[in-house]
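Following the working numbering, the numbering of the sequence shown begins with 15 at its first residue and continues without gaps. Even glycine gets a Cβ: it sits at the ideal position worked out from N, Cα and C. Read through the structure below, which is laid out as structure tokens, and then see the notes.
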Amino acid sequence: MAHDNEFTLLKERRFLPFFVTQFLGAFNDNVFKNALIILIAFQAAGADPGRSNLLINLSAGLFVLPFFLFSATAGQLSDKYEKSRYIRRVKLLEIAIMGAAAVAFYFGSVAWLIALLFVMGLQSTLFGPAKYSILPQHLRPEELVGGNAWIEMATNLAILLGTILGGVLIALPQGPHWVGGAVILLAVLGYLSSREIPLAPPADPGLKINWNLFTETWNILRLTRQNFTVFQSVLGISWFWFLGSVYVAQLPNFTKLSLGGGEHVITLLLALFAVGIGIGSLLCERMSGRMVELGLVPFGSIGLTVFGVDLFFATPASPSPGGELLGVWAFLGQPGSWRIVLDVVLIGVFGGFFIVPLYALVQQRSEPSQLSRVIAGNNILNAIFMVAAALIAIVMLDRGLSIPQLLLVMAIFNAAVAVYIFALVPEFLMRFMVWILVNIGYRLKTKGLDHIPDQGPAVVVCNHVSYMDALVVIGCCRRPIRFVMDHQIFKIPVLNFVFRTAGAVPIAPAREDPKILERAYDRVARYLEEGEVVGIFPEGKLTADGEIGPFKAGIEQIIQRTPAPVVPMALRGLWGSFFSRRLGKAMSHFPRRFWSRIELVVGEPVAPERATSAALRERVVALRGDWR
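The structure is reproduced here in structure tokens:
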């Protein structure tokens, strides 16, 4: 049985200890990193912005370099050994690293702290493959989106709190001493929580470790490329980290140099960015119906571009005069500051929409015995993209670009990525946009969607009440549905683009255009032979009186030609809408209601040998009931 709601996982030992361990690890990383970044930006680099930019981007590059060098080894270790014990050993290494960091903070050695970023990156590299490969071992398939959403939320809540705590502690008198004590404490707590993680048997205990970093890195990249869908998802994840690393690395100096904000404003914007990703991650489960919803990915990419561009235009031409750096309340009192805050939050939200489905898809589509190594391949590519991002940022800033201009360039680059993703999955985006449209216009409730088979061919039949019917069904169902519809409706502007993208089949009566009719039957047969779901309104026209008319024989002809189970469904509550014929011609009068309550009720599949027109109509009538 699936969990009752998105909070149930947090009550279960199979998820909670790992969740806490991941949270504390990310929390500790960000206390350390943000304290170091602020130390560099406001103390170590003095008044030289160029040196500050160099050191900050160098730090970002050094942290991710181990992901490139050692991910292949980490992936092998995670696949070979029992994961809970492996994670505990990695957490012991974190305690040792943070002990050394505390000493470096005590003596104020920025050089040693930057060097320790590399070692901290190594520890994170070792943890990474186990982090994502353990989830499918402890969670059911329908829980993967929710589990990944919680992990992303935890990570970004940790970034929020770590960013705040690191900024607050380093600003205190003797701040480096406070930071040193905090990172040791968090490392110890992380180890203690890891001791409660349940056993996770090794995926491939007979695996022979290849210790050659370079040959195994190449082998794992080849392994990652074997599955096209997985590899495309990995590339998408890597692009997200490319873009995200630029934003995170540049926000401190962006705040200081472009907005005139002080240390606490930096902490605020970094925290808001993290909050946004956390919100977007949690919304993923609610908006995806606990399924891997690919439509969220291009939707997220579009949002990243829109609000990235707006951030550039919202940035003032120069910081407010006065010379002193602004505190939080002074910054928020500046004209246009709330627009900047909103842009930063929404960039994070749409980033969450982008990243969560991709991680879930990698876990779902990868071979279980190879998942840790696929995650390692993902981490290698992430590292390559992030190091490239750091180098590109250094070069562009050195060539005279301002930080706002750099962020604008990244948003424009992402626009090209958004176009590419849409070209790969246009149908998923359109279906998701339809879902948004339907849920804005109606209070939609569904029953029995699980009756639609997860795989294989099927035909869905439904009563035909309004011009919105197909869109409601498309938006509700997680499998693509190829609707057969009147060729005149197919030609309606705007809707035509949606229907074509969704693979709809235009049809005409034999007396009107027999060629269109024959092409429609051929295309439907081809869809069913390929294991697709075909949707039909067997009445053949919109109801004129709210009642369900006779079902035409075309449905029987389709089933006889290509036998497939038939799933009856009924729409309730659409009679009387702007798109129905209750008041005469549809869409010819002013809308009388908005956000009205409607339902889609789905019945059990009917075997093809019993799927007659009359029998199917009886099923749909029963499902519809008295509510029209």
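Under the three-state reduction of DSSP, residue 576 is assigned to coil, being neither helix nor strand.
Between the alpha carbons of residue 318 and residue 430 lies a gap of roughly 12 Å. Burial is judged here by how many other beta carbons sit within 10 angstroms of a residue's own beta carbon; residue 403 has at least 16 and is buried. Within the same chain, Cβ atoms closer than 6 Å to the Cβ of residue 76 are found at 131, 132, the five residues on either side in sequence being excluded.
The C-alpha of residue 72 lies about 45 Å from the C-alpha of residue 493. The shortest C-alpha to C-alpha distance from residue 271 to any of 284, 229, 315, 329 is the one to 329.
Here residue 585 carries a strand assignment [DSSP, helix/strand/coil]. Secondary structure at residue 612: strand, using DSSP grouped into helix, strand and coil. In this structure, the alpha-carbon of residue 323 lies about 13 Å from that of residue 261.
With a cutoff of 8 Å on beta-carbon distance, residue 406 and residue 82 are scored as not near each other.
Only residues of its own chain outside the window of five on either side were considered, and among them 481, 592, 593 have a CB closer than 8 Å to the CB of residue 601, listed in chain order. With the rule of 3 Cβ pairs closer than 8 Å, the region 161–171 does not count as touching the region 79–94. Spatial neighbours of residue 518 in its own chain (CB-CB distance under 8 Å, excluding positions within 5 residues in sequence) are listed in chain order as 484, 496, 497, 498, 499, 504. Beta-bridge partners of residue 456 (DSSP): 610.
Your pair residue 393 and residue 70 does not check out as a contact, with CB atoms roughly 22 Å apart and the cut at 8 Å.
For the pair residue 565 and residue 574, the Cα-to-Cα distance works out to about 16 Å. Looking from the CA of residue 586, the closest CA among 642, 188, 536, 243 belongs to 642. Taking 8 Å as the cut-off, the beta carbon of residue 463 is found closer than this to the beta carbon of residue 616.
Counting C-beta atoms within 10 angstroms of its own C-beta, residue 603 has fewer than 16 neighbours from the protein chains shown and is therefore classed as exposed. When C-beta atoms of the region 94–105 are compared with those of the region 213–228, three or more pairs fall below 8 Å, so the two segments count as touching.
In the three-state DSSP reduction, residue 476 falls in the strand class (E or B). Only buried fits residue 93, as 16 or more other CB atoms lie within 10 angstroms of its CB. The region 501–525 contains, as complete alpha helix (DSSP H) runs of 4+ residues, the segments 501–504, 509–515 (chain order). A distance of 8 Å or more separates the beta carbons of residue 350 and residue 290.
Annotation: the continuous beta strand (DSSP E) that includes residue 547 extends over 547–550. Nearest to residue 454 by C-alpha distance, out of 486, 618, 150, is 486.
Residue 105 holds the alpha-carbon nearest to the alpha-carbon of residue 201 among 620, 105, 136, 435.
Note on geometry: alpha-carbon atoms of residue 233 and residue 249 lie some 17 Å from one another. Ranked by how close their Cα comes to the Cα of residue 543, the residues 338, 471, 152 have 471 in first place.
With contact defined as three or more Cβ pairs closer than 8 Å, the region 190–207 and the region 36–43 are in contact. At a Cβ-Cβ threshold of 8 Å, residue 152 and residue 345 do not count as neighbours.
Straight-line spacing of the CA atoms in residue 435 and residue 364 works out to 15 Å.
For residue 47, the closest of 366, 119, 508 by C-alpha to C-alpha distance is 119. Within the DSSP secondary-structure output, residue 495 pairs in a beta bridge with 547.
Here DSSP, grouped into helix, strand and coil, assigns residue 320 to helix. Assignment of beta strand (DSSP E) within the region 247–280, counting only whole runs of 3 or more residues, yields no such run.
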